[in-house]
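Engineer: Quick one: this structure, given as structure tokens, is what I'll be asking you about.
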Amino acid sequence: MLNDFRFDSDRPMTGLEIELNLIDPDAQPAMRNAEVLADLADPSFQTELGQFNLEINVAPRVIEGDGLDVYEREVLASLVHADERARKSDAQLVLIGILPTLRQEHTVLANLSNNPRYQLLNEQIINARGEDIALDIRGQERLEAESDSIAAESACTSVQFHLQVAPEDFAMHWNASQAIAGVQVAVGANSPYLFGKRLWAETRIALFEQATDTRPEELKAQGVRPRVWFGERWITSIFDLFEENVRYFPPLLPITDDEDPVAVLEAGGVPHLGELRLHNGTIYRWNRPVYDIMNGRPHLRVENRVLPAGPTVVDQVANAAFYFGLVGELVQQDRPIWTQMTFSAAEENFHTAAREGLDAQLWWPDRGEVQVADLVLDELLPLASAGLDRFGVHPGTRDRLLGVIEGRCRTGRNGAAWQTETVNDLQSRHHLDRRSALREMLQRYSVGLHANEPVHTWPI
1 MLNDFRFDSD RPMTGLEIEL NLIDPDAQPA MRNAEVLADL ADPSFQTELG QFNLEINVAP
61 RVIEGDGLDV YEREVLASLV HADERARKSD AQLVLIGILP TLRQEHTVLA NLSNNPRYQL
121 LNEQIINARG EDIALDIRGQ ERLEAESDSI AAESACTSVQ FHLQVAPEDF AMHWNASQAI
181 AGVQVAVGAN SPYLFGKRLW AETRIALFEQ ATDTRPEELK AQGVRPRVWF GERWITSIFD
241 LFEENVRYFP PLLPITDDED PVAVLEAGGV PHLGELRLHN GTIYRWNRPV YDIMNGRPHL
301 RVENRVLPAG PTVVDQVANA AFYFGLVGEL VQQDRPIWTQ MTFSAAEENF HTAAREGLDA
361 QLWWPDRGEV QVADLVLDEL LPLASAGLDR FGVHPGTRDR LLGVIEGRCR TGRNGAAWQT
421 ETVNDLQSRH HLDRRSALRE MLQRYSVGLH ANEPVHTWPI
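Structure (structure tokens):
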């Protein structure tokens, strides 16, 4: 198909998926997603892994003109509507990378959503490991825990950006996305607490890598690849990624498809490739290749999965503008960024940024080790601005949204920084214990979320 088929790339579309948490009036996780979904009766909302999770799929659109503003208005309207419904079930919605009031007793098998696929996925991962899942995350504090299920992964709530690209341009867009993943995480970190412990600025990265790891220790020692994977090389075609999928990863879900793709193709049709897509969906690359069909035409997308949900809708749309603009400009450069840095440097940047957030120093071509906020302000925001111009984004929209990214870099305050500063203040000045401080912080966070003011402007 890559050689001979016409893929849809005439007007590249973008998309957003946003995962949410439900909390009760005491700011504890509310295991009520089935009730809320039934009351919502809105197909754009669906379950996620835990009963305290929901996901919203935002209708795809082009971002030229005021497309990003429309995203913001649509998501706000959907969330206000969903929050009204949730309150009937004595719950409310929160956009956050990891719910800070979540405790280990909440992440148990009984609290997985009532969807057979989640049960099957859990069985297959635990069976593949042959042992319990061990968590060991060392940050400001250390978390050691064991689980007999993948339920801990339900703590990770993310936002995904989708960018449709032509087959011949896919590798450039994927490579650029990998190169900037560390910068994205540093600027957008919003997950500093897990099970009451302060860990990484974006703890979600470490948790996701460990909570869905199918490899027992001996397979790790043998170099078997993890299913949550940054990758190991720059690519020259989307085919490289699907070929790695088949070579490195046994299928997790034993579900087959009646379609004969070759026969469909020879008959002039568009194959759905259901088995390839299902398998790809159980390999959790931070930038995932996507094959999909819309209106009878196949297309390819990069699914950028590195960022947490929240803190506000405007923060998320600003993150999207920064990503789309920066990638859009980097792929136009005469000396592409991925030809000037090793893949291992990009991966190290990613994990350094996840640990340290806006305090991180990252490696960058011609700069060496550089403070991430300085890199964004000096080099990357101008590139993102030029990239949004290429997409035809309205200048007022461009400046407003990139101004949010600039504000975080100038103040040193993203979601993770606001959370930790607020908890420190509540513990030191107000003498609250950690659990009470996390609850109070989350209630204040919820107020900021509903005001939809950028997190760098929130008071401590």
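In UniProt numbering, the protein residues as written are 1 to 460. Heads up, the beta-carbon is just placed ideally off N, CA and C, and yes, glycines get one too.
Do you know whose CA, among L121, V313 and R247, lies nearest N452's CA?
Structural biologist: In the sequence shown, residue 452 corresponds to position 452, counting from 1. Checked all of L121, V313 and R247; the closest Cα to N452 is V313.
Engineer: Leaving out the 5 sequence neighbours to the left and right, which residues in its chain are closer than 6 Å to S428 when beta-carbon positions are compared?
Structural biologist: Numbered from 1 along the sequence shown, position 428 holds the residue referred to as residue 428. Taken in chain order, the list of residues that qualify is empty.
Engineer: For A179 and A346, which I take to be in contact (beta-carbon distance under 8 Å), what is that distance rounded to the nearest angstrom?
Structural biologist: For the purposes of this step, residue 179 is identified with residue 179 of the sequence shown, where counting begins at 1. For the purposes of this step, residue 346 is identified with residue 346 of the sequence shown, where counting begins at 1. Right, the Cβ-Cβ distance comes to about 5 Å (below 8 Å), so this counts as a contact.
Engineer: Using DSSP's beta-bridge definition, name the partner residues of A134.
Structural biologist: For the purposes of this step, residue 134 is identified with residue 134 of the sequence shown, where counting begins at 1. DSSP, once it has assigned bridges, lists E146 as partnering A134.
Engineer: Excluding the 5 residues flanking S44 on each side, which residues of the same chain have their C-beta closer than 8 Å to its C-beta?
Structural biologist: Position 44 of the sequence shown holds residue 44. Same-chain partners within the cutoff: I56, N57, V58, A59 and S78.
Engineer: Would you identify the three-state DSSP class for V404, choosing helix, strand or coil?
Structural biologist: Here residue 404 refers to the residue found at position 404 when the sequence shown is read from its first residue. In this structure, V404 counts as helix in the three-state DSSP scheme.
Engineer: Is N114 buried or exposed, if buried means 16 or more other CB atoms sit within 10 Å of its CB?
Structural biologist: Translated into the one-based positions of the sequence shown, residue 114 becomes position 114. Counting Cβ neighbours within 10 Å, N114 comes out exposed, since fewer than 16 surround it.
Engineer: Let me confirm a value: I125 is counted as buried when at least 16 other C-beta atoms fall within 10 Å, else exposed. Which label applies?
Structural biologist: By 1-based counting over the sequence shown, the position of residue 125 is 125. Counting Cβ neighbours within 10 Å, I125 comes out buried, since at least 16 surround it.
Engineer: If we ignore side chains and look at the alpha-carbon of each, how far apart do I337 and T157 end up?
Structural biologist: Within the sequence shown, residue 337 is the residue found at index 337, counting from 1. Within the sequence shown, residue 157 is the residue found at index 157, counting from 1. Their Cα atoms are separated by approximately 29 Å.
Engineer: If you follow the beta strand (DSSP E) that I18 is in, where does it begin and where does it stop?
Structural biologist: Residue mapping note: residue 18 aligns to position 18 of the sequence shown, counting from 1. Note, I18: beta strand (DSSP E), T14 to I23.
Engineer: Hey, would you say residue 496 sits closer than 8 Å to G97, going by beta carbons?
Structural biologist: Past the boundaries of the shown model lies residue 496; the chain is included only from 1 to 460, so the question cannot be answered.
Engineer: Count the C-beta pairs between the segment 211-230 and the segment 75-95 that are closer than 8 Å, then say yes if the count reaches three, no if not.
Structural biologist: As far as the Cβ criterion goes, the segment 211-230 does not touch the segment 75-95, which means the pair count is below three.
Engineer: Might you give, ordered along the chain, the residues of its own chain that have their beta carbon closer than 8 Å to the beta carbon of L2, omitting 5 neighbours on each side?
Structural biologist: Numbered from its first residue, the sequence shown carries residue 2 at position 2. So the list reads P167, S237, I238 and F239, once near-sequence residues are dropped.
Engineer: Indicate whether T14 and N33 have their beta-carbon atoms separated by less than 8 Å.
Structural biologist: Start at 1 with the first residue of the sequence shown, and residue 14 comes out as number 14. Start at 1 with the first residue of the sequence shown, and residue 33 comes out as number 33. Cβ atoms of T14 and N33: not closer than 8 Å.
Engineer: Rounding to the nearest angstrom, what Cα-Cα distance links R6 and E105 in this structure?
Structural biologist: Translated into the one-based positions of the sequence shown, residue 6 becomes position 6. Translated into the one-based positions of the sequence shown, residue 105 becomes position 105. Cα-Cα distance, rounded: 51 Å.
Engineer: What is the DSSP secondary structure of F52, counted as helix, strand or coil?
Structural biologist: The residue labelled residue 52 in the question sits at position 52 within the sequence shown. F52 falls in the coil class under three-state DSSP.
Engineer: Which of the three DSSP states is assigned to residue 472 in this structure?
Structural biologist: For residue 472 there is no data in the structure shown, the boundaries of the chain being 1 and 460.
Engineer: Name the two residues that bound the continuous alpha helix (DSSP H) containing M341.
Structural biologist: The sequence position of residue 341 within the sequence shown is 341, counting from 1. Careful: M341 lies outside any alpha helix (DSSP H) and carries neither H nor E.
Engineer: Which same chain residues, not among the five before or five after P29, have their C-beta less than 8 Å away from its C-beta?
Structural biologist: As a working mapping, residue 29 is identified with position 29 in the sequence shown. Excluding positions up to five away in sequence, the list reads N21, L22, I23, G50, F52, L99, T101, L102 and H106.
Engineer: Should E19 be labelled buried (16 or more other beta-carbon atoms within 10 Å of its own) or exposed?
Structural biologist: The residue given as residue 19 occupies position 19 in the sequence shown. Buried: at least 16 other Cβ atoms inside 10 Å.
Engineer: Could you tell me if I460 is buried or exposed, where buried requires 16 or more neighbouring beta carbons within 10 angstroms of its beta carbon?
Structural biologist: By 1-based counting over the sequence shown, the position of residue 460 is 460. The residue is exposed, with fewer than 16 neighbouring Cβ atoms inside 10 Å.
Engineer: Which two residues bound the contiguous alpha helix (DSSP H) that contains L375?
Structural biologist: Along the sequence shown, one-based indexing puts residue 375 at 375. Its alpha helix (DSSP H) spans residues V372 to L375.
Engineer: Rounded to whole angstroms, what is the Cα-Cα separation between R355 and P226?
Structural biologist: Working through the sequence shown from its first residue, we reach residue 355 at position 355. Working through the sequence shown from its first residue, we reach residue 226 at position 226. Roughly 19 Å between the two C-alpha positions.
Engineer: Taking the alpha-carbon positions, what's the L381 to V183 distance?
Structural biologist: The sequence position of residue 381 within the sequence shown is 381, counting from 1. The sequence position of residue 183 within the sequence shown is 183, counting from 1. Whole-angstrom Cα-Cα distance: 11 Å.
Engineer: Are G387 and E329 touching if we call contact CB-CB under 8 Å?
Structural biologist: Residue 387 sits at position 387 when you count from the first residue of the sequence shown. Residue 329 sits at position 329 when you count from the first residue of the sequence shown. Yes; because the gap between Cβ atoms is below 8 Å, this pair is in contact.
Engineer: Tell me which same chain residues have a C-beta within less than 6 Å of the C-beta of V159, skipping the five on either side of it?
Structural biologist: The residue given as residue 159 occupies position 159 in the sequence shown. If we look at V159 and ignore the five residues flanking it on each side, its Cβ neighbours are I18, L307, A309 and Q316.
Engineer: Within this structure, are the beta carbons of N190 and P311 separated by less than 8 Å?
Structural biologist: As a working mapping, residue 190 is identified with position 190 in the sequence shown. As a working mapping, residue 311 is identified with position 311 in the sequence shown. Cβ distance < 8 Å, so N190 and P311 count as in contact.
Engineer: Using CA atoms only, rank isn't needed, just tell me which of I255, Q419 and D433 is closest to M441.
Structural biologist: Within the sequence shown, numbered from 1, the residue matching residue 441 stands at position 441. Measuring from the Cα of M441, the nearest candidate turns out to be Q419.
Engineer: Could you check if P25 is buried or exposed, using at least 16 other CB atoms within 10 Å of its CB as the buried criterion?
Structural biologist: Counting from 1 along the sequence shown, the entry for residue 25 is found at position 25. Flag for P25 reads exposed.
Engineer: Applying the 10 Å Cβ sphere with the 16-neighbour rule, what's the burial state of R301?
Structural biologist: Taking the sequence shown and counting its residues from 1, one reaches residue 301 at position 301. Classification of R301: buried, given that the 10 Å Cβ count is 16 or more.
Engineer: How far does the beta strand (DSSP E) with W286 in it extend, from its first residue to its last?
Structural biologist: In the sequence shown, the residue the question calls residue 286 occupies position 286. No beta strand (DSSP E) holds W286; DSSP gives it neither H nor E.
Engineer: I need the straight-line Cα distance from L16 to D66, nearest angstrom please.
Structural biologist: Translated into positions along the sequence shown, residue 16 becomes position 16. Translated into positions along the sequence shown, residue 66 becomes position 66. Each residue's alpha carbon lies about 16 Å from the other.
Engineer: With C-beta atoms as the reference, is L401 less than 8 Å away from L68?
Structural biologist: For the purposes of this step, residue 401 is taken as the residue at position 401 of the sequence shown. For the purposes of this step, residue 68 is taken as the residue at position 68 of the sequence shown. It is a contact, given that the beta carbons lie within the stated cut-off.
Engineer: Helix, strand or coil: which one does DSSP assign to H299?
Structural biologist: Position 299 of the sequence shown, counted from the first residue, corresponds to residue 299. In this structure, H299 counts as strand in the three-state DSSP scheme.
Engineer: So the beta strand (DSSP E) A222 belongs to, where does it begin and stop?
Structural biologist: For the purposes of this step, residue 222 is identified with residue 222 of the sequence shown, where counting begins at 1. What sits at residue 222 in the sequence shown is Gln, not Ala. Taken as a continuous stretch (DSSP letters only), Q222 belongs to no beta strand (DSSP E), as it is neither H nor E.
Engineer: For S89, name the three-state secondary structure that DSSP assigns.
Structural biologist: In the sequence shown, the residue the question calls residue 89 occupies position 89. Three-state result, S89: coil.
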